[in-house]
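**Q** The sequence shown runs 121 to 378 under the working numbering. Can you read through this structure? Questions will come right after.
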Amino acid sequence: MAITISFLNFKGGVGKTTSTVNLAKALHMMKRKVLVVDADAQGNSSRMMGFRMEKDKVNTLYDVLAGTADIKETILMENDLDDSFDYVPATTSLYNSEQELVSRTGREMLLKRALDEVNSFYDYILIDCPPNNGLVTVNTMYASDYLIIPINCEVFALDGMGVITAKYEEVKKLLNPRLEILGYVLSRYDRRLSLHKEALRQMEKTFPDKVFQTRIRTNIQLAESPARRMNIFDYAPESNGAEDYKKLAKELIKKIEK
Ligand SMILES: Nc1ncnc2c1ncn2[C@@H]1O[C@H](COP(=O)(O)OP(=O)(O)O)[C@@H](O)[C@H]1O
Ligand SMILES: [Mg+2]
Numbered sequence: 121m122a123i124t125i126s127f128l129n130f131k132g133g134v135g136k137t138t139s140t141v142n143l144a145k146a147l148h149m150m151k152r153k154v155l156v157v158d159a160d161a162q163g164n165s166s167r168m169m170g171f172r173m174e175k176d177k178v179n180t181l182y183d184v185l186a187g188t189a190d191i192k193e194t195i196l197m198e199n200d201l202d203d204s205f206d207y208v209p210a211t212t213s214l215y216n217s218e219q220e221l222v223s224r225t226g227r228e229m230l231l232k233r234a235l236d237e238v239n240s241f242y243d244y245i246l247i248d249c250p251p252n253n254g255l256v257t258v259n260t261m262y263a264s265d266y267l268i269i270p271i272n273c274e275v276f277a278l279d280g281m282g283v284i285t286a287k288y289e290e291v292k293k294l295l296n297p298r299l300e301i302l303g304y305v306l307s308r309y310d311r312r313l314s315l316h317k318e319a320l321r322q323m324e325k326t327f328p329d330k331v332f333q334t335r336i337r338t339n340i341q342l343a344e345s346p347a348r349r350m351n352i353f354d355y356a357p358e359s360n361g362a363e364d365y366k367k368l369a370k371e372l373i374k375k376i377e378k
């Protein structure tokens with residue numbers, strides 16, 4: 121059975137998409153079977169995995185949640201080689217789900233119900249969350265075993281933590297008792313900056329044992345790779361970004377598969 125992990129932070133630009141796609145590739149290179157679910161209507165992770173809206177007239181996560189497509193019919197391969205990980209794409213249509221889900225019975229459970237159908241094919245299902253705490257996000261939290269919270273170390277980076285913790289506790293209590301926070305990842309860390317060192321110190325104090333040892337260093341290739349629709353391992357395999365995400369994957373495996 122797959123372990124399902126959501127990359128969650130209600131802010132944008134903190135490294136959710138970068139972490140989801142690059143960890144997916146790293147885990148895949150470590151021979152794990154991986155499915156990425158793009159749950160953000162911006163579709164950034166879909167684009168990074170090569171999805172092109174114009175020619176890919178296919179079903180997306182919207183259709184799965186609407187109940188008009190089977191999840192198995194939405195799964196795409198990240199590349200054409202036999203050796204690929206899989207993903208479920210999203211487009212702007214997913215914005216409609218927020219409204220449409222409201223009146224549905226079991227509205228928090230629809231993603232989990234769909235993923236249950238494919239769960240046995242994978243070792244890991246990684247979900248790239250939208251930057252808000254709407255119903256799609258609640259669906260991702262209900263479907264997950266773990267949350268990973270990416271943090272960038274800019275000013276106010278830690279401000280949103282209380283809202284995330286509150287939502288996590290609410291979902292755990294009311295909907296999904298097995299949900300755990302696996303850890304917080306510093307997704308763009310520069311140890312030369314006192315601001316970043318201070319953010320790390322505060323995080324470790326506030327969430328002891330929950331901050332990943334691996335920090336993703338600020339890395340120009342990580343910033344460039346999305347425009348080339350590539351993960352860091354295909355775009356710049358020798359970069360610090362590739363090194364860091366491989367290390368993070370190892371740390372994640374050690375935590376989960378111990
Ligand atoms: N370690 C890093 N170094 C440099 N740029 C990064 C790094 N991590 C992410 N980025 C860039 O920061 C931006 C926001 O990251 P992204 O993963 O899209 O955040 P989110 O999904 O939370 O909105 C993207 O342009 C991404 O390429
Ligand atoms: Mg994103």
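In this text, a Cβ means the ideal position worked out from N, Cα and C, and glycines have one as well.
1) Which residue's Cα is closest to the Cα of Y365: I123, A146, T137, M281?
2) What does the Cβ neighbour count give for R308, buried or exposed, with the cut at 16 atoms within 10 Å?
3) Under 8 angstroms Cβ to Cβ from I195, same chain only, skipping five residues before and after it: list those, please.
4) From what residue to what residue does the beta strand (DSSP E) around I195 run?
5) Would you say the beta carbon of D160 is closer than 8 angstroms to some non-hydrogen atom of ligand 1?
6) Candidates V256, Y244, V275: which alpha carbon is nearest K151's?
7) Going by the C-beta, is I340 closer than 8 angstroms to any heavy atom of ligand 1?
8) Considering only heavy atoms of ligand 1, does any lie closer than 8 angstroms to the CB of A369?
9) Contact between the segment 215 to 222 and the segment 123 to 141: three or more CB pairs below 8 angstroms?
10) Just curious, the beta strand (DSSP E) that Y207 is in, first and last residue?
11) Please confirm if the segment 261 to 271 is in contact with the segment 222 to 234, defined as three or more CB-CB distances below 8 angstroms between the two stretches.
12) Looking at K367: is its Cβ nearer than 9 angstroms to the Cβ of T338?
13) Among the residues of its own chain, which have a CB less than 7 angstroms from the CB of T140, if the five just before and after it don't count?
14) Are the CB atoms of I295 and N142 nearer to each other than 9 angstroms?
15) Using three-state DSSP, classify V291 as helix, strand or coil.
16) State the DSSP-derived secondary structure class of E318, mapped to helix, strand or coil.
17) Which of the three DSSP states is assigned to T137 in this structure?
18) Expressed to the nearest angstrom, what Euclidean distance is found between the alpha-carbon atoms of E363 and V331?
**A** The answer reads as follows:
1) Taking the sequence shown and counting its residues from 1, one reaches residue 365 at position 245. Ranking the options by Cα distance to Y365, first place goes to A146.
2) Counting from 1 along the sequence shown, the entry for residue 308 is found at position 188. R308 should be labelled buried.
3) Looking up residue 195 in the sequence shown gives position 75. L155, D206, Y207, V208, V238.
4) Here residue 195 refers to the residue found at position 75 of the sequence shown. Note, I195: premise wrong, no beta strand (DSSP E); not H, not E.
5) The residue labelled residue 160 in the question sits at position 40 within the sequence shown. D160: yes, Cβ under 8 angstroms from ligand 1.
6) Taking the sequence shown and counting its residues from 1, the one referred to as residue 151 is at position 31. Looking from the CA of K151, the closest CA among V256, Y244, V275 belongs to Y244.
7) Locating residue 340 in the sequence shown gives position 220, counting from the first residue. At least one heavy atom of ligand 1 is found less than 8 angstroms from the C-beta of I340.
8) Working through the sequence shown from its first residue, we reach residue 369 at position 249. Relative to the non-hydrogen atoms of ligand 1, the Cβ of A369 never comes closer than 8 angstroms to any of them.
9) Per the Cβ contact rule, the segment 215 to 222 is not in contact with the segment 123 to 141 (fewer than 3 Cβ pairs under 8 angstroms).
10) In the sequence shown, the residue the question calls residue 207 occupies position 87. Looking at the DSSP string, the run of the beta strand (DSSP E) that includes Y207 is 206 to 208.
11) Yes, the segment 261 to 271 is in contact with the segment 222 to 234.
12) Indexing the sequence shown from 1 puts residue 367 at position 247. Indexing the sequence shown from 1 puts residue 338 at position 218. Not a contact, by the Cβ cut-off of 9 angstroms.
13) As a position in the sequence shown, residue 140 is number 20, starting the count at 1. F127, V156, S165, L246, D248, listed in sequence order.
14) Taking the sequence shown and counting its residues from 1, the one referred to as residue 295 is at position 175. Taking the sequence shown and counting its residues from 1, the one referred to as residue 142 is at position 22. Checking the sequence shown, residue 295 turns out to be Leu, not Ile. No, these two residues do not count as a Cβ contact at 9 angstroms.
15) Locating residue 291 in the sequence shown gives position 171, where the first residue counts as 1. Looking at V291 - three-state DSSP - the assignment turns out to be helix.
16) The residue you call residue 318 lines up with position 198 of the sequence shown. When DSSP states are grouped into helix, strand and coil, E318 belongs to the helix group.
17) Numbered from 1 along the sequence shown, position 17 holds the residue referred to as residue 137. Reduced to three states, the DSSP call for T137 is helix.
18) Here residue 363 corresponds to residue number 243 of the sequence shown, with the count starting at 1. Here residue 331 corresponds to residue number 211 of the sequence shown, with the count starting at 1. Cα to Cα, E363 sits roughly 18 angstroms from V331.
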